[in-house]
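Going by the working numbering, the first residue of the sequence shown is number 29, and it counts up by one from there.
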Amino acid sequence: MHVNAVFFDMFDTLLLLESDKIFYAPSLRRLCEFLVEKGINVRFERFERVYFEVRDKAYSESSKSLEEPHFNVRVSKTLQRLGYNFDVNDPVVLGATKAFADEFMHYVSLDPDAIYVLRKMHHKYKLGLISNFAIPECGWKLLEKFGLKEFFEVVIISGEVNRRKPSREIFEKALNTLGVEASTAVFVGDMLDLDVIGPKSVGMKTVLIKRRPARENTCVKPDKVITRLRELLTAVENF
Ligand SMILES: [Mg+2]
């Protein structure tokens, strides 16, 4: 097979993210501190409880609809439940999201192979990135911070298009932007249900980067499995 394009997932593929058990509480605490500074009268424990109720409801809705409302929507809804009416575009909501994102960014690092692999690949193939992330502006900042932006001809972050992986549309949009046939494109990511099922459904080839022992899922088979990003070069050459 002749490979024209390689698409990457972002978190735990090119950028490594510490477990949500580690980053969530401090990021949410920063968000809550910002709100308190803006005159919202709430204790962190209560804020956290209400936030997670709102978030979990949003997660369960988006797992069915495959929509990706911006993180601001979650913040606005949490405030509403606490008795404060702020529109999703209110500066208080935008500032709260930014406070969360600024803290969250401290828990993200660059995979040591990422730049090497992207440099090698970007003269050979068209490169793209498709990420599920409800704070797209933070996604762009991370790409900039780690010097990844320049490698990609297309970047799609779910919160920007209100569609998330594994929806077909997000992959089709990326393929159309590059003018590439699905059958000549490869997707590489770390999650079977997002990064293998989704791209397979539109006819792309898939490479799973195995970051952790995955639950057995006999229904979904990636075309290739790698354990380090560096192995991707050979994997793609041998399609
Ligand atoms: Mg990922």
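C-beta atoms are modelled at their ideal positions from N, C-alpha and C, and glycine is treated no differently.
In this text the structure is predicted, and so the values were computed from the model without any measurement.
In this structure Asp37 touches Ser159 by the C-beta definition: roughly 6 Å separates them, less than 8 Å. For Ala202, no beta strand (DSSP E) encloses it; the enclosing alpha helix (DSSP H) starts and ends at 196-206. In the assembly as shown, Tyr87 is an exposed residue. Its beta-carbon has fewer than 16 other beta-carbons within 10 Å. A heavy atom of ligand 1 is found nearer than 6 Å to the CB of Asp218. Counting the other CB atoms within 10 Å of its CB gives Arg192 a total of 16 or more, which places it among the buried residues.
Short note on Thr255: C-beta not closer than 6 Å to any heavy atom of ligand 1. According to DSSP, residue pairing for Val253 in a beta bridge involves Leu236. Within the model, the alpha-carbon separation for Asn266 versus Arg256 is close to 16 Å.
Taking the Cα positions, Phe174 is about 10 Å away from Asp139.
Under the three-state reduction of DSSP output, Ala162 falls in the coil class, being neither helix nor strand.
In the structure shown, Leu56 adopts helical secondary structure according to DSSP, grouped into three states. A distance below 6 Å between beta-carbons, with the five flanking residues on each side excluded, links Phe75 to the following residues of its chain, in chain order: Cys60. One alpha carbon belongs to Phe132, the other to Lys201, and they sit about 28 Å apart.
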